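Q: This structure is in structure tokens; I'll ask about it shortly.
There are 2 protein chains.
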Amino acid sequence: MSGARSTAIGRPRGFDTDEALERAMRVFWQRGYEGASLTDLTTAMGITKTSMYAAFGNKEELFRKALQRYSDGPARYIESALAEPTARAATEAILRGAVRTSTSPGDFAGCLTVQGALPSSDGCRSAHDVLVEWRNQAGARLEQRFRRAVRDGDLPRGTKPKRLARFVMTVAFGISVQAANGVGRDTLDEIVDHTMLTWPG
Amino acid sequence: MSGARSTAIGRPRGFDTDEALERAMRVFWQRGYEGASLTDLTTAMGITKTSMYAAFGNKEELFRKALQRYSDGPARYIESALAEPTARAATEAILRGAVRTSTSPGDFAGCLTVQGALPSSDGCRSAHDVLVEWRNQAGARLEQRFRRAVRDGDLPRGTKPKRLARFVMTVAFGISVQAANGVGRDTLDEIVDHTMLTWPG
DNA sequence: GGCGATAAGTACCGGCCGGTACGGAAGGCG
DNA sequence: CGCCTTCCGTACCGGCCGGTACTTATCGCC
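Those sequence lines, one after another, are chains A and B.
Read left to right, the first sequence gives residues 85 to 285 (the working numbering).
Read left to right, the second sequence gives residues 85 to 285 (the working numbering).
So, in structure tokens, the structure goes:
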């Protein structure tokens, strides 16, 4: 991000962009795109609006970068889940990960990518679209993982990867709604238990 | 609502409150509580702000009434689902109903009670709380239905009603997120098919 | 120290937010 | 008809929204 050109000229930045972005991410997580005002964001980030605009562009770009950070941080479990040796293990890792992230103590209930901007008031259309894309892509990657599993004989021959992936993602999304509703970690883990009982084959 | 006192005095109302509320409900459905501005609402309702305030109180009360209308209209399927003869039929009715309502053509994708206000920016805390309450109550009623089913031998003796109800509600919530994501009715029905395969007993 | 470059802080922008004051319009009733 | 009551339309409120112009502070380099 910071050019880090051989020679850095000018007054150096007075804050840590990574930490500021982390804090912004949490505000978006808690309040959603619309609900997070610039005042909320910059206050949490500990900087002024001008600094925010200089460092991140505008609110929309800040959100995009916060979402990226979310993917690399709290939602990293998706990446590692896909690397699990079996489709079943991948699924359970995703669901357990969703539970853990949606209920991490000290953080906020729910999932940034679900709470962020479900409805689409005109003003936040682009944030909405980014999240739709994010969610669909997550499903697509799981589908691809399942497709490979069928090819490898890890899943029964008749299994439809797309359908199974959509089912798993549906449960994952539902989990984050339940978490936002105040349902606790243990209860959500029971839901995962129940879901895993239904595994094909 | 309208007093309808034996003698109606004064200038009569120039619009149909039911239809206005219906239209307001749809705006909330599409945009969520925060995303629906008074201008959006009154424009869709075809009345002025003053008329709206006189007839419904304020934005928050309007939302509450719109939610009630949603319960009595698009979400009526929950009521009838609970009256199904078996727990399995009730579950399938809820899930199919969620699919149908979340994807009714001409209306908007998703479910008012999920899209309405998932995150809680300070300004919409009360709308948020109302929806949390709504969702939890829906789950509680399903749980009670399951509890009866266990008592009646309709569900296997070991079944945990609370757990099963939460699972079903999780899938239902997930369905509405998927619908908001643009997933179509047929695909969602496949998810219901898949879910029903897992029925205990 | 002086200069160029970048960041930080202040004060402000037009616009929309939810909500309201007020005067006129439209009905029943004597 | 006048009168009372209720509703409608306009014009407006303070406050916050996302975003910005301009000044001041802090750096590297010569």
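Using N, Cα and C, we set each Cβ at its ideal position, and we do this for glycine too.
These numbers come from a predicted model, not from an experiment.
Can you tell which of A/145, A/284, A/180 has its C-alpha closest to the C-alpha of residue 255 of chain A?
A: Locating residue 255 of chain A in the first sequence gives position 171, counting from the first residue. Minimum Cα distance to residue 255 of chain A is reached at A/180.
Q: Below 8 angstroms, how does it come out for the stretch 259-266 of chain B and the stretch 203-219 of chain B: are there three or more Cβ pairs, yes or no?
A: With the cut-off at 8 angstroms, the stretch 259-266 of chain B and the stretch 203-219 of chain B do not touch.
Q: Report the neighbours of residue 178 of chain A on chain B: residues whose CB is nearer than 9 angstroms to its CB, in chain order.
A: Here residue 178 of chain A refers to the residue found at position 94 when the first sequence is read from its first residue. None at all; the shortest Cβ gap to chain B is about 13 angstroms.
Q: For the stretch 186-220 of chain B, list the alpha helix (DSSP H) runs that are entirely contained and at least 4 residues long, ordered along the chain.
A: Counting whole runs of 4 or more residues, the stretch 186-220 of chain B contains the alpha helix (DSSP H) stretches 196-199.
Q: Please classify residue 224 of chain B as buried or exposed, where buried requires at least 16 other C-beta atoms within 10 Å of its C-beta.
A: Within the second sequence, residue 224 of chain B is the residue found at index 140, counting from 1. It is exposed - the Cβ of residue 224 of chain B has fewer than 16 other Cβ atoms within 10 Å.
Q: State the start and end residues of the unbroken alpha helix (DSSP H) segment that holds residue 124 of chain B.
A: As a first step, residue 124 of chain B is located in the second sequence; it is residue number 40 there, counting from the start. Looking at the DSSP string, the run of the alpha helix (DSSP H) that includes residue 124 of chain B is 122-129.
Q: Interface residues of chain B around residue 214 of chain A at Cβ under 8 angstroms?
A: Translated into positions along the first sequence, residue 214 of chain A becomes position 130. By Cβ distance, chain B contributes nothing, its closest Cβ being about 12 angstroms from residue 214 of chain A, past 8 angstroms.
Q: Taking Cβ to Cβ, would you say residue 129 of chain A is nearer than 8 angstroms to residue 107 of chain A?
A: In the first sequence, the residue the question calls residue 129 of chain A occupies position 45. In the first sequence, the residue the question calls residue 107 of chain A occupies position 23. Against a cut-off of 8 angstroms, the Cβ pair of residue 107 of chain A and residue 129 of chain A comes out as a contact.
Q: May I ask you to report which of helix, strand or coil DSSP gives residue 169 of chain B?
A: Residue mapping note: residue 169 of chain B aligns to position 85 of the second sequence, counting from 1. It is coil, neither helix nor strand.
Q: For the ligand COA, is there any heavy atom lying closer than 7 angstroms to the beta carbon of residue 202 of chain A?
A: Absence of the ligand COA is noted for the structure shown, with no ligands found whatsoever.
Q: For residue 255 of chain A, go through chain B and note every residue whose CB falls closer than 8 angstroms to its CB, in chain order.
A: Within the first sequence, numbered from 1, the residue matching residue 255 of chain A stands at position 171. Per Cβ cutoff of 8 angstroms: 254, 255, 258.
Q: Specify, as a first and last residue, the run of the alpha helix (DSSP H) that residue 116 of chain B falls within.
A: Position 32 of the second sequence, counted from the start, is the residue given in the question as residue 116 of chain B. That run of the alpha helix (DSSP H) goes 101-119.
Q: Closest by CA to residue 175 of chain A, which one among A/258, A/93, A/253?
A: Along the first sequence, one-based indexing puts residue 175 of chain A at 91. Among A/258, A/93, A/253, the Cα nearest to that of residue 175 of chain A is on A/253.
Q: Taking only beta-carbon positions, decide if residue 221 of chain A is within less than 8 angstroms of chain B.
A: Numbered from its first residue, the first sequence carries residue 221 of chain A at position 137. Not an interface residue.
Q: Tell me the residue span of the alpha helix (DSSP H) that contains residue 132 of chain A.
A: Indexing the first sequence from 1 puts residue 132 of chain A at position 48. Here residue 132 of chain A belongs to no alpha helix (DSSP H), and DSSP marks it neither H nor E.
Q: Please list the partners that residue 275 of chain B has in chain A, where partner means a Cβ-to-Cβ separation under 8 angstroms.
A: Here residue 275 of chain B refers to the residue found at position 191 when the second sequence is read from its first residue. Those within 8 angstroms of residue 275 of chain B in chain A are 247, 250, 251, 254.
Q: Check whether the Cβ atoms of residue 295 of chain B and residue 239 of chain B sit closer than 8 angstroms, and answer yes or no.
A: As shown, chain B starts at 85 and ends at 285. That puts residue 295 of chain B outside it, with no answer to give.
Q: Compute the distance between the beta-carbons of residue 288 of chain A and residue 192 of chain A, then report whether it is under 8 angstroms.
A: Here chain A has residues from 85 to 285 only, and residue 288 of chain A is not among them.
Q: Distance check for residue 169 of chain B and residue 143 of chain A, CA to CA, integer angstroms please.
A: Numbered from 1 along the first sequence, position 59 holds the residue referred to as residue 143 of chain A. Numbered from 1 along the second sequence, position 85 holds the residue referred to as residue 169 of chain B. One C-alpha to the other measures close to 52 angstroms.
Q: Specify, as a first and last residue, the run of the alpha helix (DSSP H) that residue 250 of chain A falls within.
A: Your numbering for residue 250 of chain A matches position 166 in the first sequence. Where residue 250 of chain A is concerned, the enclosing alpha helix (DSSP H) stretches over 245-264.
Q: Starting from residue 275 of chain B and walking both ways along the alpha helix (DSSP H), at which residues does that stretch end?
A: Position 191 of the second sequence holds residue 275 of chain B. Where residue 275 of chain B is concerned, the enclosing alpha helix (DSSP H) stretches over 269-281.
Q: Leaving out five residues before and five after residue 215 of chain A in sequence, what residues of the same chain have Cβ atoms less than 6 angstroms from its Cβ?
A: As a working note, residue 215 of chain A is residue 131 in the first sequence. Within the same chain, residue 215 of chain A has close Cβ partners 197, 200, 201.
Q: Is residue 241 of chain B helix, strand or coil when you go by DSSP?
A: On the second sequence, position 157 is the one that residue 241 of chain B refers to. Note: residue 241 of chain B maps to coil in three-state DSSP.
Q: Indicate whether residue 123 of chain A and residue 132 of chain A have their beta-carbon atoms separated by less than 8 angstroms.
A: By one-based count along the first sequence, residue 123 of chain A stands at place 39. By one-based count along the first sequence, residue 132 of chain A stands at place 48. In this structure, residue 132 of chain A does not lie closer than 8 angstroms to residue 123 of chain A by Cβ.
Q: To the nearest whole angstrom, what separates the beta carbons of residue 165 of chain B and residue 177 of chain B, a pair I think is in contact under 8 angstroms?
A: Looking up residue 165 of chain B in the second sequence gives position 81. Looking up residue 177 of chain B in the second sequence gives position 93. With a Cβ gap of about 4 angstroms, residue 165 of chain B and residue 177 of chain B count as contacting.
Q: Using the Cα positions of residue 228 of chain A and residue 249 of chain A, report the straight-line distance between them to the nearest angstrom.
A: Walking along the first sequence from the start, residue 228 of chain A turns up at place 144. Walking along the first sequence from the start, residue 249 of chain A turns up at place 165. Using only the alpha carbons, I get a separation of about 9 angstroms.
Q: For the candidate residues A/221, A/121, A/284, A/101, whose alpha-carbon lies nearest to that of residue 135 of chain A?
A: Along the first sequence, read from residue 1 onward, the residue named residue 135 of chain A stands at position 51. Cα-wise, what sits closest to residue 135 of chain A is A/101.
Q: What span of residues does the alpha helix (DSSP H) with residue 150 of chain A cover, start to end?
A: Position 66 of the first sequence, counted from the first residue, corresponds to residue 150 of chain A. Residues 143-156.
Q: Here's the rule I'm using: 16 or more other beta-carbon atoms within 10 Å means buried, otherwise exposed. How should residue 235 of chain B be labelled?
A: Counting from one through the second sequence, the residue named residue 235 of chain B turns up at place 151. By the 10 Å Cβ count, residue 235 of chain B comes out exposed.
Q: Output the distance between the C-alpha atoms of residue 86 of chain A and residue 212 of chain B, rounded to the nearest integer angstrom.
A: Taking the first sequence and counting its residues from 1, the one referred to as residue 86 of chain A is at position 2. Taking the second sequence and counting its residues from 1, the one referred to as residue 212 of chain B is at position 128. Note that residue 86 of chain A scores 38 on pLDDT, short of 50, meaning its location in the model is unreliable; the coordinates nonetheless yield the value given after this. So the alpha carbons of these two residues sit roughly 39 angstroms apart.
Q: Are the CB atoms of residue 150 of chain A and residue 105 of chain A within a distance shorter than 8 angstroms?
A: Residue 105 of chain A sits at position 21 when you count from the first residue of the first sequence. Residue 150 of chain A sits at position 66 when you count from the first residue of the first sequence. Going by C-beta atoms, residue 105 of chain A is nearer than 8 angstroms to residue 150 of chain A.
Q: Can you give the Cα-Cα distance for residue 147 of chain A and residue 161 of chain A, rounded to whole angstroms?
A: In the first sequence, counting from the first residue as 1, residue 147 of chain A sits at position 63. In the first sequence, counting from the first residue as 1, residue 161 of chain A sits at position 77. When rounded, the distance between both Cα atoms is 20 angstroms.
Q: Taking all protein chains shown into account, decide if residue 145 of chain B is buried (16 or more other Cβ within 10 angstroms of its Cβ) or exposed.
A: Residue 145 of chain B sits at position 61 when you count from the first residue of the second sequence. Flag for residue 145 of chain B reads exposed.
Q: Just mark residue 279 of chain A as buried or exposed, buried being the case when its beta carbon has 16 or more other beta carbons within 10 Å.
A: Numbered from 1 along the first sequence, position 195 holds the residue referred to as residue 279 of chain A. Buried, by the Cβ-count rule.
Q: Near residue 88 of chain B, which residues of its chain fall below 8 angstroms by C-beta distance, leaving aside the five closest residues on each side in sequence?
A: Counting from 1 along the second sequence, the entry for residue 88 of chain B is found at position 4. With a pLDDT of only 39 at residue 88 of chain B, under 50, the local geometry of the prediction cannot be trusted, and no value is derived from it.
Q: Do you know whose CA, among B/98, B/210, B/156, lies nearest residue 118 of chain B's CA?
A: Taking the first residue of the second sequence as 1, we reach residue 118 of chain B at position 34. The shortest C-alpha separation from residue 118 of chain B is found at B/210.
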